[in-house]
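K.L.:
Protein chains in written order, with our numbering: chain A, 1 to 252; chain B, 253 to 504. Just so it is clear, CB atoms sit at the ideal spot from N, CA and C, and this is done for glycine as well. All figures in this text were calculated on a predicted structure; none of them were measured in a lab. Sharing a structure below in structure tokens format, with a few things to ask.
Number of protein chains: 2
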Amino acid sequence: MKRNIKLTVSYDGTDFNGWQVQTNGRTVQGEIEKALGIIHQEKIKLTGSGRTDSGVHAKGQIANFYTEKDNIPADKFTAALNSMLPRDIRILKAEAVSDEFHSRFDAKIRIYRYYIKAGGSCEPWHDRYCWRTRHVPDIGRLNRLAAPLSGIHDFTTFTAAGDPSKSKIRQLYTAAFTIEGAFLVFKIAGNAFLWRMVRSLVGTLMQLEEGGAGSDEMRRILTSLDRSEAGTTAPARGLFLEKVLYDERSII
Amino acid sequence: MKRNIKLTVSYDGTDFNGWQVQTNGRTVQGEIEKALGIIHQEKIKLTGSGRTDSGVHAKGQIANFYTEKDNIPADKFTAALNSMLPRDIRILKAEAVSDEFHSRFDAKIRIYRYYIKAGGSCEPWHDRYCWRTRHVPDIGRLNRLAAPLSGIHDFTTFTAAGDPSKSKIRQLYTAAFTIEGAFLVFKIAGNAFLWRMVRSLVGTLMQLEEGGAGSDEMRRILTSLDRSEAGTTAPARGLFLEKVLYDERSII
């Protein structure tokens with residue numbers, strides 16, 4: 001009997017060429033498919049909720065695959081896969097879901113967090129997971145700059161050349177900075193994201209804050225639909241795909 | 253004018269062959285001496301409070317060196333060194349101290365922490381910094397087993413072949429387990445430590461707890477002065493040199 005297995009996956013993206021299988025380089029999807037191939041003795045295709053770029057981390061990436069192996073209870077895939085996977089990928093959960101479940105098409109909300117260590121130096125064990133900036137921004141001003149982002153907008157300004165999506169319209173539910181211990185954290189939730197959109201938003205917001213701009217300027221840049229108006233793209237190391245939600249009512 | 257500069261250093265030990273300069277391999281002392289050499293245009297000798305083994309981390313290693321460079325205020329060595337050092341070493345503080353200060357001979361108390369993730373899996377960004385064990389120990393029993401360790405003892409049982417110290421007598425002030433978030437942490441403070449002593453203690457305590465032994469057994473092993481009585485040595489990845497204190501009254 002064919003079963004559809006949903007995986008919750010965390011990974012340290014530092015040493016990966018991103019999520020998606022490439023002709024060259026180590027990828028998260030590639031490593032998990034390799035382990036699934038050993039278990040099944042045949043090629044198994046894994047579908048992820050979306051790609052993450054080279055160097056981007058995940059606390060709760062979601063993926064699914066179909067299996068005909070009746071002798072493995074769904075939750076046992078966690079230990080079986082972890083015993084074969086490299087230590088920078090961990091399966092947090094494996095569960096059987098309905099045959100129709102599709103980790104990308106059914107995803108309703110994606111939540112990312114971007115970690116910034118502003119001013120001072122960063123302890124070595126945090127260095128792979130944050131963007132160190134010399135300037136220490138004012139969080140109130142950052143949040144005023146980020147305010148125009150919530151809602152439904154065309155985010156053409158904040159994508160990278162080569163983004164394959166036809167429509168650049170996305171809905172954002174949350175886009176706000178908070179403090180977590182020694183870190184400044186940008187939390188962003190939306191129905192979906194364009195390529196490099198989160199990093200482009202973070203880089204632009206930080207640059208506008210430092211330059212003294214107000215939210216009118218942010219609004220003007222957003223509505224310009226001109227990629228050359230965006231600021232620098234923040235580095236991949238600070239970005240975590242935190243959660244993927246499949247029920248719109250679960251918005252937090 | 254010659255000045256003596258004291259450094260507080262943190263590092264991720266994963267990719268180092270330990271603290272001390274070796275004929276082969278990357279070492280923390282070696283990397284800092286290389287950066288000091290560039291600043292001074294001559295070889296500068298750095299003295300550490302003690303060696304840490306390959307894979308062991310430090311939050312507050314202490315080291316000192318002599319400089320004749322009058323044009324660099326002591327605290328500016330922090331930024332100057334950090335700009336040249338690899339990102340897995342960070343200088344947290346640089347300060348001028350008296351000419352007589354010696355980071356090894358003057359150290360009164362060393363404090364280590366050992367991180368254990370018991371049961372379940374470990375998120376990828378914690379994996380380099382903890383020992384994952386399948387068994388989940390009882391913290392009360394661990395603390396009863398560790399109780400006989402405080403005080404002045406001959407720790408021959410818990411060292412490794414090749415330890416160069418003549419006397420194996422050391423004084424321990426604290427040796428206790430606590431819970432910190434998802435981790436079980438062994439905190440140990442002593443005047444000094446033998447080679448691999450902390451890792452040997454952690455491995456032995458965990459093994460005795462799992463085997464159901466009581467503190468009499470721990471006392472017997474300690475006083476046997478027989479290395480073959482010790483349990484396994486816990487892996488380097490869980491161990492952090494947390495602090496080195498130069499004033500006995502500052503015991504915490």
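What does the alpha-carbon distance come out to for the pair His153 (chain A) and Arg219 (chain A)?
P.N.:
11 Å
K.L.:
Would you verify that the beta carbon of Asp327 (chain B) is, or is not, closer than 9 Å to some beta carbon of chain A?
P.N.:
no
K.L.:
On the criterion of 16 or more Cβ atoms from any shown chain inside 10 Å, does Gln29 (chain A) qualify as buried, or is it exposed?
P.N.:
buried
K.L.:
Determine whether the beta carbon atoms of Gly25 (chain A) and Thr52 (chain A) lie at a separation below 9 Å.
P.N.:
no
K.L.:
When you compare the CB positions of Tyr129 (chain A) and Glu242 (chain A), do they come within less than 9 Å of one another, or not?
P.N.:
no
K.L.:
Under three-state DSSP, which class holds Lys495 (chain B)?
P.N.:
Note: Lys495 (chain B) maps to strand in three-state DSSP.
K.L.:
Looking only at its chain, what residues have a beta carbon closer than 7 Å to the beta carbon of Ala182 (chain A), apart from the 5 residues adjacent to it on each side?
P.N.:
Counting only Cβ-Cβ distances below 7 Å, and skipping sequence neighbours, we find Lys117.
K.L.:
How would you write the range of the alpha helix (DSSP H) that Phe515 (chain B) sits in, first residue to last?
P.N.:
With chain B running from 253 to 504 in the structure shown, residue 515 (chain B) is simply not present.
K.L.:
Under a Cβ-count criterion, where at least 16 other Cβ atoms within 10 Å of its own Cβ denotes burial, should Pro543 (chain B) be classed as buried or exposed?
P.N.:
Summary: the structure shown does not reach residue 543 (chain B), with chain B confined to residues 253 through 504, and so no result is reported for it.
K.L.:
Distance check for Leu394 (chain B) and Tyr366 (chain B), CA to CA, integer angstroms please.
P.N.:
For Tyr366 (chain B) and Leu394 (chain B), the distance between alpha carbons rounds to 14 Å.
K.L.:
Tell me whether the region 314-321 of chain B and the region 81-100 of chain A touch, counting them as touching only if at least three CB pairs, one residue from each stretch, are closer than 8 Å.
P.N.:
no
K.L.:
Could you check if Glu180 (chain A) is buried or exposed, using at least 16 other CB atoms within 10 Å of its CB as the buried criterion?
P.N.:
exposed
K.L.:
If the cut is a Cβ gap below 8 Å, which residues of chain B does Asp88 (chain A) touch?
P.N.:
Pro376 and Asp379
K.L.:
Tyr263 (chain B) versus chain A: which residues are under 7 Å apart at the beta carbon?
P.N.:
Pro124
K.L.:
At 8 Å on the CB atoms, spell out the chain B contacts of Ser82 (chain A), in chain order.
P.N.:
Sequence check: residue 82 (chain A) is Asn here, not Ser. Here the neighbours are Ser373.
K.L.:
Give the single residue among A:Ala161, A:Leu239, A:Glu210 and A:His57 whose Cα lies nearest to the Cα of Phe186 (chain A).
P.N.:
A:Leu239
K.L.:
Under three-state DSSP, which class holds Ile10 (chain A)?
P.N.:
The sequence shown places Ser at residue 10 (chain A), not Ile. Looking at Ser10 (chain A) - three-state DSSP - the assignment turns out to be strand.
K.L.:
I'd like to know whether the C-beta of Lys262 (chain A) is nearer than 9 Å to at least one C-beta of chain B.
P.N.:
Given a span of 1 to 252 for chain A in the structure shown, any question on residue 262 (chain A) remains unanswerable.
K.L.:
Could you tell me which whole beta strand (DSSP E) segments of length 3 or greater appear in the region 297-350 of chain B?
P.N.:
309-319 and 341-349
K.L.:
Can you list the alpha helix (DSSP H) stretches of 4 or more residues lying completely in the region 347-419 of chain B, in chain order?
P.N.:
391-398
K.L.:
Please list the terminal residues of the continuous alpha helix (DSSP H) segment that includes Gln207 (chain A).
P.N.:
Met197 to Gly211
K.L.:
I'd like the list of long-range same chain contacts for Pro148 (chain A), defined as Cβ closer than 7 Å, with 5 residues on each side in sequence excluded.
P.N.:
Ser215, Met218, Arg219 and Leu222
K.L.:
Determine, using beta carbons only, whether Thr260 (chain B) comes closer than 9 Å to chain A.
P.N.:
no
K.L.:
Examine the Cβ distances between the region 129-138 of chain A and the region 161-175 of chain A and report whether three or more of them are shorter than 8 Å.
P.N.:
no
K.L.:
Can you tell me the Cα-Cα spacing of Ala465 (chain B) and Ile440 (chain B), whole angstroms?
P.N.:
Per the coordinates, the alpha-carbon of Ala465 (chain B) lies some 21 Å from the alpha-carbon of Ile440 (chain B).
K.L.:
Just the Cα atoms here: how many angstroms apart are Asp358 (chain B) and Glu375 (chain B)?
P.N.:
39 Å
K.L.:
Would you please verify whether the beta carbon of Ile39 (chain A) is less than 9 Å from any beta carbon of chain B?
P.N.:
So, not an interface residue.
K.L.:
Could you tell me if Met1 (chain A) is buried or exposed, where buried requires 16 or more neighbouring beta carbons within 10 angstroms of its beta carbon?
P.N.:
exposed
K.L.:
Could you tell me which of A:Ser167, A:Leu201 and A:Arg170 sits nearest to Phe177 (chain A), measuring between CA atoms?
P.N.:
A:Leu201
K.L.:
What whole-angstrom Cβ distance do Thr456 (chain B) and Phe410 (chain B) have, given they're in contact under 8 Å?
P.N.:
Indeed they touch by this definition, with Cβ atoms about 7 Å apart.
K.L.:
Can the beta-carbon of Ser54 (chain A) be found closer than 9 Å to that of Gly18 (chain A)?
P.N.:
yes
K.L.:
According to DSSP, Asn256 (chain B) sits in a beta bridge with which residue or residues?
P.N.:
B:Tyr318 and B:Val349, per the DSSP bridge assignment.
K.L.:
Hey, does Leu92 (chain A) have any beta-carbon neighbour from chain B nearer than 9 Å?
P.N.:
For Leu92 (chain A), the answer is yes, since a Cβ of chain B falls inside 9 Å of its Cβ.
K.L.:
Please state the DSSP three-state secondary structure of Ala230 (chain A).
P.N.:
coil
K.L.:
If we ignore side chains and look at the alpha-carbon of each, how far apart do Ile252 (chain A) and Gln20 (chain A) end up?
P.N.:
Residue placement at Ile252 (chain A) is poorly supported in this model, since its pLDDT is 49, which falls under 50; the coordinates still yield a value, given next. Looking at the two C-alpha atoms, the distance is approximately 28 Å.
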